Structures are given as C-alpha cells and as structure tokens.
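In the UniProt record's numbering, the protein residues as written are 1 to 336. Cβ coordinates follow ideal geometry from the N, Cα and C atoms, glycine included. Fair warning: this is a prediction, and the values are worked out from it, not measured in the lab. Report on one structure; see the data block that follows.
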Amino acid sequence: MQQEEPAPAAEPEPEPEPEPAQPATRTIMDQAGRTVTLSAEVDRVVTTWRPGTLLVISAGGRDKIVGVDSSSQGSEFLTAVFPGILDLPGVGNKKGLNVEQIVAVKPDVVFIWHGADTEPVIQQLESQGIPAFVLIPESLDQMKEAVSLIGEILGTEEQAQKMIQYYDDTLAMLAEKVGSIPEAEKLRVYMVGSSGVFSTVPGTMYQHFIIESAGGINVGAELQGGFSEVSAEQVVAWNPDVIVAVQYCDCTVDEILSNPQLQTVKAVQDGRVYMFPHSMDPWDYPEPRSILGMLWMAHTLYPEQMADVDLLGEVDEFHETFFGVSFTELGGTLDE
1 MQQEEPAPAA EPEPEPEPEP AQPATRTIMD QAGRTVTLSA EVDRVVTTWR
51 PGTLLVISAG GRDKIVGVDS SSQGSEFLTA VFPGILDLPG VGNKKGLNVE
101 QIVAVKPDVV FIWHGADTEP VIQQLESQGI PAFVLIPESL DQMKEAVSLI
151 GEILGTEEQA QKMIQYYDDT LAMLAEKVGS IPEAEKLRVY MVGSSGVFST
201 VPGTMYQHFI IESAGGINVG AELQGGFSEV SAEQVVAWNP DVIVAVQYCD
251 CTVDEILSNP QLQTVKAVQD GRVYMFPHSM DPWDYPEPRS ILGMLWMAHT
301 LYPEQMADVD LLGEVDEFHE TFFGVSFTEL GGTLDE
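Here it is as structure tokens:
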C-alpha cells in the first residue's frame with residue numbers, strides 16, 4: 001500500500017509592515033492660555049515681530065530661525081548681531097503676515113504676538129498643521145515667563161535660565177539701590193510717547209514697569225491703554241521732576257526744553273530732560289534689553305545711589321552674553 005506524501009508545510013503568513021513611527025509630540029500652554037501641540041524637537045522657528053525675534057535669539061535660538069518679520073530685518077541692531085537675518089525669508093510684519101511664506105519654510109513653530117489681528121493667521125496656520133505659539137511679554141513676570149517657555153520649546157533651557165537669572169539679579173540690585181527711597185522723595189517721571197511731546201505712557205504699558213523698577217513714579221500711571229494723548233495743561237499740572245522721551249517720539253531734547261508750553265515744568269527748569277536709549281534700537285520695548293533700560297533709568301534718576309554700578313560694563317556684558325558681541329564692539333555709546 002503506497003504511503004501518501006506529507007502535505008507541504010504552510011507558508012508562514014508575512015509579517016505586517018510596521019507602522020511608520022509617528023514623531024513624538026508634547027503640549028505646552030502659551031501665554032494666551034492656549035494648549036499648543038509641538039514636536040518633541042523643534043528645529044525650525046519663525047518669528048513674526050521684532051521683540052519676538054530678540055527673545056528667541058537671546059534665549060539661544062538664533063540658529064533655529066528659518067523665517068523672520070521685516071521689522072527685524074530692518075533693525076540696525078539685529079543686522080549687526082545676526083547678519084544672516086537678511087538672507088532669511090521675510091514673512092511680513094505687524095501690518096500683515098504672509099501665511100503662504102510662513103508655510104513655505106515648514107516651521108515647527110511660529111512665535112506670534114497677542115492680538116485680535118493674529119487670530120485669523122493662527123487659524124490659517126493651524127489648519128495646515130503649523131503650531132502658532134503666542135507670547136505676551138508685557139510685564140516683567142511675563143517677560144521672564146516668555147524666555148522660559150522659549151527655552152523649553154527650543155531645548156535651550158540653560159541659556160534661557162541665564163537670561164532669567166540676569167533679570168532677577170539686576171532687579172534685586174535695583175531694589176537694593178533705589179527701592180528703599182521714601183515715596184515722597186521718589187522722582188516723578190513724564191515719559192514722552194510715540195506721538196510726540198504730548199503723548200505719554202499709561203500704567204498698563206511695559207514702559208511703566210521700567211520707570212517703577214528704576215525707583216521712579218510714572219505721572220501717567222492712572223491712564224489706560226497704549227500711548228496716551230495728553231494736554232500741555234496736564235503735563236504742567238503733573239509738574240514732573242524728569243522728562244524722558246522714547247527714541248521714536250519724533251522729537252528732540254532741545255525741542256522739549258524750548259517748548260513754550262513747558263517752561264514752568266520743573267524738569268525743564270532743571271534741565272532734566274533726556275532721550276531714552278538707544279538710537280541703535282530702543283531699550284523700552286518689551287524685549288530682553290529692557291533690563292538695560294531699567295539700569296539706565298535708575299542711573300539717570302539717581303546717579304548718587306547708582307554711582308558704584310558700571311553701567312557701560314553691565315551693558316557690554318549683557319550684549320556679550322546674550323547676543324555674542326559687546327555693545328562697545330557694536331559701536332554703541334550711552335550718550336545716544
């Protein structure tokens with residue numbers, strides 16, 4: 001009797017192709033309270049306004065920027081410390097962002113300012129899978145939080161922590177030097193705003209915090225909103241001890257000193273009218289160098305209390321640490 005051939009062994013089922021690994025993600029809350037999903041590693045960044053660009057660079061993210069706003073590209077300071085910024089694709093500015101250009105550079109994250117005008121942009125970006133992260137550095141605490149968040153997102157925590165520590169140390173030093181001045185002896189400051197001699201800083205703007213941190217009293221503290229128009233009569237009634245004008249006020253110290261409507265104001269009579277630094281790039285914006293504005297303001301208001309602080313040395317060290325080149329090497333001086 002013939003034996004049957006054993007049946008051939010069944011072919012093993014082919015193993016299914018492994019699913020392609022999905023990139024790891026994380027979620028971080030931005031300063032507008034939005035939960036943003038980001039890649040575990042962020043290597044490509046777009047900044048959309050100048051303070052945001054300065055925050056990213058000072059927090060150690062210069063080499064990750066792949067697109068930038070036109071305001072940053074037009075900054076004398078930024079083009080000096082980061083010449084490559086002119087070779088980056090421009091993405092518009094606060095008057096209008098170019099969403100197509102932002103999408104084209106394939107960023108891992110877009111840092112954007114807070115405002116009703118950015119909501120449509122954020123929606124357009126996120127509909128195409130590009131995370132937008134809102135930063136609101138409008139107070140001292142928010143400034144430090146913004147730096148910390150950028151460090152966390154970019155993996156540059158060490159450099160970001162250096163910035164935060166510098167802020168903390170400098171603010172502590174200012175508190176020690178000028179913080180104990182009795183309220184009745186503090187100098188009253190009128191800060192000239194962007195619209196000319198009769199516009200000033202309300203208590204809601206970052207410049208208000210600069211004045212307070214330097215031991216001064218902002219005479220316009222009760223005002224609200226952005227730079228506020230005021231009358232000559234109001235400035236005379238405030239009778240400030242010191243007048244400080246922002247670089248972009250479209251006015252000069254001489255024009256303020258010779259203004260016939262201000263001749264009874266104490267600051268004018270005493271010749272205590274100054275231009276806030278710096279002509280290379282303003283130090284009163286809500287960005288990292290505002291801490292230098294606080295140092296300068298304290299020196300200007302209270303030279304005796306600040307006599308042992310080497311202002312130029314501090315400014316040089318700050319620029320070297322956070323922008324890679326000293327202020328002096330950039331050609332900067334403190335009388336501009």
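(request) Thinking Asp108 and Leu38 are a contact (beta carbons under 8 Å), I'd like their distance in whole angstroms, please. (result) Rounded, the Cβ-Cβ distance is 7 Å, consistent with contact.
(message) So Thr110 and Ile130 are supposed to be a Cβ contact under 8 Å. How far apart are they, rounded?
(response) Going by the sequence as given, residue 110 is Val instead of Thr. Val110 to Ile130, Cβ: 6 Å. Contact.
(request) Name the two residues that bound the continuous alpha helix (DSSP H) containing Phe322. (result) Looking at the DSSP string, the run of the alpha helix (DSSP H) that includes Phe322 is Leu311 to Phe323.
(request) Please classify Ala160: does DSSP put it in a helix, a strand, or coil? (result) Per DSSP, reduced to three states, the secondary structure at Ala160 is helical.
(message) I'd like the list of long-range same chain contacts for Thr35, defined as Cβ closer than 8 Å, with 5 residues on each side in sequence excluded.
(response) Short of 8 Å from the beta carbon of Thr35, and not among the five residues preceding or following it, lie these beta carbons of its own chain, in chain order: Thr27, Ile28 and Met29.
(request) Kindly identify the DSSP beta-bridge partner or partners of Tyr274. (result) BP columns for Tyr274 point to Val244.
(request) Locate the beta strand (DSSP E) running through Gly67, then write down its first and last residues. (result) For Gly67, the enclosing beta strand (DSSP E) has its first and last residue at Ile65 to Gly67.
(message) Taking the alpha helix (DSSP H) that Tyr206 belongs to, which residues open and close that run?
(response) Under the DSSP assignment, Tyr206 falls in the alpha helix (DSSP H) whose first and last residues are Tyr206 to Ser213.
(request) Could you tell me which residues DSSP puts in a beta bridge with Ser258? (result) DSSP lists no partner for Ser258.
(request) Could you check which residue in Ile102, Thr118 and Val273 has the C-alpha nearest to that of Ser258? (result) The candidate whose alpha carbon is nearest that of Ser258 is Val273.
(request) Give me the Cβ distance between Phe77 and Asp281, rounded to the nearest whole Å; I'm assuming they're in contact under 8 Å. (result) Sure, about 4 Å apart at Cβ, within 8 Å.
(request) Would you mind working out which of Ala214, Asp308, His208 and Val197 sits nearest Asp254, comparing C-alpha positions? (result) The shortest C-alpha separation from Asp254 is found at Val197.
(message) Assuming contact is defined by CB atoms lying nearer than 7 Å, are Gln101 and Pro89 in contact in what I supplied?
(response) Yes, these two residues count as a Cβ contact at 7 Å.
(message) Taking the beta strand (DSSP E) that Thr25 belongs to, which residues open and close that run?
(response) Element bounds for Thr25: Thr25 to Met29.
(message) Using 8 Å as the cut-off, can you tell me whether the region 171-184 makes contact with the region 290-301, which would need three or more C-beta pairs spanning the two stretches below that distance?
(response) Flag = yes, the region 171-184 and the region 290-301 touch.
(request) Within the same chain, show all residues whose beta-carbon is closer than 7 Å to that of Val219, passing over the 5 residues directly before and after it, in chain order. (result) So the list reads Arg188, Val189, Tyr190, Trp238 and Pro240, once near-sequence residues are dropped.
(message) Less than 6 Å between C-beta atoms, sequence neighbours within five positions excluded: which residues of the same chain meet that for Met1?
(response) With a pLDDT of 49 at Met1, under the threshold of 50, the modelled position of this residue cannot be trusted, and the question is left open.
(message) Could you pull the DSSP bridge partners for Asn218 from this structure?
(response) Asn218 is bridged to Val189.
(request) Find the nearest neighbour of Tyr285 within the set Gly84, Ile65, Val81 and Glu138, judged by alpha-carbon distance. (result) Closest by alpha carbon: Glu138.
(message) Looking at the secondary structure, which residues open and close the alpha helix (DSSP H) in which Leu125 lies?
(response) Per DSSP, the unbroken alpha helix (DSSP H) holding Leu125 starts and ends at Glu119 to Ser127.
(request) Whole angstroms is fine: what's the gap from Asp117's alpha carbon to Asn93's? (result) For Asp117 and Asn93, the gap between their C-alpha atoms comes out near 12 Å.
(message) Output needed for Gly60: all residues of its chain with C-beta closer than 6 Å, excluding positions within five of it in sequence on either side, in chain order.
(response) Around Gly60, the same chain offers Thr156 and Gln159 as residues with beta carbons nearer than 6 Å, after the five sequence neighbours per side are excluded.
(request) Spatial neighbours of Pro51 within its chain, please: CB distance less than 7 Å, with the 5 preceding and 5 following residues excluded, ordered by chain position. (result) The beta carbon of Pro51 is closer than 7 Å to those of Pro137, Tyr285, Pro286 and Glu287 in its chain, skipping five residues each way along the sequence.
(message) For Gln161 and Phe209, I'd like the C-alpha separation in whole angstroms.
(response) Straight through space, the alpha carbons of Phe209 and Gln161 are spaced by roughly 21 Å.
(request) Give me the Cβ distance between Ser58 and Met143, rounded to the nearest whole Å; I'm assuming they're in contact under 8 Å. (result) About 11 Å separates the Cβ atoms of Ser58 and Met143, ruling out a contact at the 8 Å cut-off.
(request) Mark Pro277 as exposed unless 16 or more other C-beta atoms lie within 10 angstroms of its C-beta, in which case mark it buried. (result) Buried.
(request) Specify the secondary structure class of Glu229 as computed by DSSP and reduced to three states. (result) In this structure, Glu229 counts as strand in the three-state DSSP scheme.
(request) Grab the span of the alpha helix (DSSP H) containing Ser180 for me, first residue to last. (result) Where Ser180 is concerned, there is no enclosing alpha helix (DSSP H), given that its DSSP letter is neither H nor E.
(request) Give the DSSP-derived three-state secondary structure of Leu135 in the structure shown. (result) Coil at Leu135, not helix or strand.
(request) Keeping to the same chain, check which residues put their C-beta closer than 7 Å to that of Glu145; ignore five residues upstream and five downstream. (result) Once the five neighbours on either side are set aside, the close Cβ partners of Glu145 are Gln31.
(request) Taking all protein chains shown into account, decide if Gly332 is buried (16 or more other Cβ within 10 angstroms of its Cβ) or exposed. (result) Label assigned to Gly332: buried.
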